[in-house]
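Oh and the sequence shown: position 105 is 105 in the UniProt record's numbering, straight run, nothing missing.
Glycine residues also receive a C-beta, built at the ideal position from the N, C-alpha and C atoms.
This one's a predicted model, so the numbers in the text were calculated from it and none came from an experiment.
One structure below.
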Amino acid sequence: MTLLPDMQAAGWQTATLAPFMQVAGPVWRRKAGDWHEYALLPGAGHANRRGITHGGVLMCFADCALGNAVTERTGRPAQVTAQLDVQFMAAAPLGRLLVMRPECVHRTRSTFFMRGVIFDGETPLVAANGIWKAVAPPAEERR
Numbered sequence: 001m002t003l004l005p006d007m008q009a010a011g012w013q014t015a016t017l018a019p020f021m022q023v024a025g026p027v028w029r030r031k032a033g034d035w036h037e038y039a040l041l042p043g044a045g046h047a048n049r050r051g052i053t054h055g056g057v058l059m060c061f062a063d064c065a066l067g068n069a070v071t072e073r074t075g076r077p078a079q080v081t082a083q084l085d086v087q088f089m090a091a092a093p094l095g096r097l098l099v100m101r102p103e104c105v106h107r108t109r110s111t112f113f114m115r116g117v118i119f120d121g122e123t124p125l126v127a128a129n130g131i132w133k134a135v136a137p138p139a140e141e142r143r
């Protein structure tokens, strides 16, 4: 059985994200309580020279998952990452489904304080905390 039917059977759908993540992904999402959780299946194109998932890929995935959670929660796609702190706890092997469960710690009218952990099964690999700021959409989208 291929991965796609397995992912779909488990409730995962391909996430619609910014163009860059189409290159760095694909990223998957599924409903998990009041939020979505996000998944990345790193392959050879995500590897560093040691043959594990590159840290930059993991940071990109964390930024994407946390930022997209803000968009989904608010319906406001125009937001930017103001700060992202990342702590690496363990190596992320290739070919394993990595999952992040975003959480909003606090929010104001236009600022969102988010956190999440990327897991390989039950093993925590990466912790990320960040701040996202809602901004006005580009002029062409406001017309």
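- Under a 10 Å Cβ-count criterion, H36 is classified as buried, with 16 or more other Cβ atoms of the shown protein chains found around its own Cβ.
- V80 counts as exposed, since fewer than 16 other C-beta atoms from the protein chains shown sit within 10 angstroms of its C-beta.
- Listed in chain order, the non-local C-beta contacts of N48 below 6 angstroms within the same chain comprise H54, local neighbours out to five positions each way being set aside.
- With a 10 Å radius around the Cβ and a threshold of 16 neighbouring Cβ atoms, R50 comes out exposed.
- DSSP, read as helix, strand or coil, puts G116 in strand.
- The way I'd put it, the stretch 130-138 doesn't touch the stretch 90-105; fewer than three beta-carbon pairs between them come closer than 8 angstroms.
- Here E103 is bridged, per DSSP, to R115.
- Here the stretch 18-34 lies against the stretch 64-71, with 3 or more beta-carbon pairs under 8 angstroms apart.
- Within the DSSP bridge table, the entry for I131 names Q83, F113 as partners.
- Restricted to the stretch 14-46, the alpha helix (DSSP H) segments that are unbroken, complete and at least 4 residues in length are 19-24, listed in chain order.
- Annotation for G67: the continuous alpha helix (DSSP H) segment containing it runs 55-74.
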